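Numbering (the working numbering), first residue to last: 798 to 1075.
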């Protein structure tokens, strides 16, 4: 083979390779252009963060776009709406806590010796229908409030009269009472029946809050008739405490659903939106 033939073959080979590469490049560019046109036509090139209309599930207002009057008036029934207990009645747990809190406030007020005020009406509404006697005992104590300290002080002031009897007793009556107290029969290891010992026990019982037992001790003293007013106040105070204990048990074991006063709801007036006629 001559040098001319070799050079000609080499030029033909190089020319064929260039054309093949050019055709491949043109095919690639053409395919890219066609793919871009198709993607743009069908929306594949839309940005991912573009706003998309999504139905909100947070509320029934402002999440449905109506195209006509019927669509506006149609309620949304496929949304999840939270369900709450009826507000007309308190749940048993809330009623129990409400009753215990009320009894605690009334007890503190009675112990302080001040009038009940608005607590009296609340107590009547809360327990008056089921426990009328207990409520009446508490309200009676609230109308004439007294404290343990006041009862103790008054009892100490009445001590001379309680030990000696009525001031109007004659000298002979006083002497007979004193002679009868010289010899007192009592059981072994039993409490002393002497008036001064009874009075000491009564004062200790008042300090301990055991007013019923204190009243029993005072009632048998020589001057018990002078302490009728004191015994009445002490018994009233004791009865109120017992009544509050019963009401507390009722509030724990049998909570009553208390009706709530709810203002009537005002329905929104329909909006006068002009409806276009076709």
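Cβ atoms here follow ideal geometry from the backbone N, Cα and C, with glycine treated the same way. Please read these numbers as outputs of a predicted model, since none were measured by experiment.
{"Item": "For residue 1007, does the three-state DSSP call read helix, strand or coil?", "Value": "coil"}
{"Item": "Only counting the same chain, and skipping five residues up and downstream in sequence, which positions put a Cβ closer than 6 angstroms to that of residue 958?", "Value": "1020, 1023"}
{"Item": "Using the three-state DSSP reduction, which class does residue 912 fall into: helix, strand or coil?", "Value": "coil"}
{"Item": "Within 10 Å of its beta-carbon, does residue 819 have 16 or more other beta-carbons around it, so buried, or fewer, so exposed?", "Value": "exposed"}
{"Item": "Which residues mark the beginning and the end of the alpha helix (DSSP H) in which residue 954 is found?", "Value": "945-961"}
{"Item": "Does the pairing of the region 991-1011 with the region 891-899 give three or more beta-carbon distances under 8 angstroms?", "Value": "no"}
{"Item": "Taking the Cβ atom as the reference point for each residue, do residue 1041 and residue 911 lie within a distance shorter than 9 angstroms?", "Value": "no"}
{"Item": "Measure the CB-CB distance between residue 927 and residue 916 and report whether it falls below 9 angstroms.", "Value": "no"}
{"Item": "Just how far apart, CA to CA, sit residue 949 and residue 1014?", "Value": "14 angstroms"}
{"Item": "In angstroms with no decimal places, state the Cα-to-Cα distance between residue 956 and residue 996.", "Value": "7 angstroms"}
{"Item": "How would you call residue 1048, buried or exposed, if buried means at least 16 neighbouring beta carbons within 10 angstroms?", "Value": "buried"}
{"Item": "Can you give the Cα-Cα distance for residue 832 and residue 814, rounded to whole angstroms?", "Value": "27 angstroms"}
{"Item": "Using the Cβ count rule (16 or more neighbours within 10 Å means buried), how would you classify residue 817?", "Value": "exposed"}
{"Item": "Which class does residue 850 belong to by DSSP, given the choice of helix, strand or coil?", "Value": "Per-residue confidence for residue 850 stands at a pLDDT of 46, beneath the threshold of 50, marking its modelled position as unreliable; the derived number appears in the next sentence. Coil."}
{"Item": "Any idea what DSSP makes of residue 992, helix, strand or coil?", "Value": "helix"}
{"Item": "Assuming residue 1033 and residue 938 form a contact by the criterion Cβ under 8 angstroms, report the distance between their Cβ atoms to the nearest whole angstrom.", "Value": "5 angstroms"}
{"Item": "Under a Cβ-count criterion, where at least 16 other Cβ atoms within 10 Å of its own Cβ denotes burial, should residue 1082 be classed as buried or exposed?", "Value": "Outside the displayed range of the chain (798 to 1075) lies residue 1082, so it cannot be described from this structure."}
{"Item": "Can you tell which of 921, 1002, 1017 has the C-alpha that lies nearest to the C-alpha of residue 933?", "Value": "921"}
{"Item": "Compute the distance between the beta-carbons of residue 943 and residue 913, then report whether it is under 9 angstroms.", "Value": "no"}
{"Item": "Look at the Cβ atom of residue 1000, then the Cβ atom of residue 953, and state whether they are nearer than 9 angstroms.", "Value": "yes"}
{"Item": "Give me the Cα-Cα distance between residue 1011 and residue 1050, rounded to the nearest whole angstrom.", "Value": "31 angstroms"}
{"Item": "Excluding the 5 residues preceding and the 5 following residue 1002 in the sequence, name in chain order all residues of the same chain whose CB lies nearer than 8 angstroms to its CB.", "Value": "1008, 1010, 1011, 1014"}
{"Item": "Out of curiosity, what's the CA-to-CA distance linking residue 823 and residue 830?", "Value": "11 angstroms"}
{"Item": "Can you check which of these residues, 901, 1029, 908, 994, is closest to residue 1018 by C-alpha distance?", "Value": "994"}
{"Item": "In this structure, how does DSSP classify residue 1017 when only helix, strand and coil are distinguished?", "Value": "coil"}
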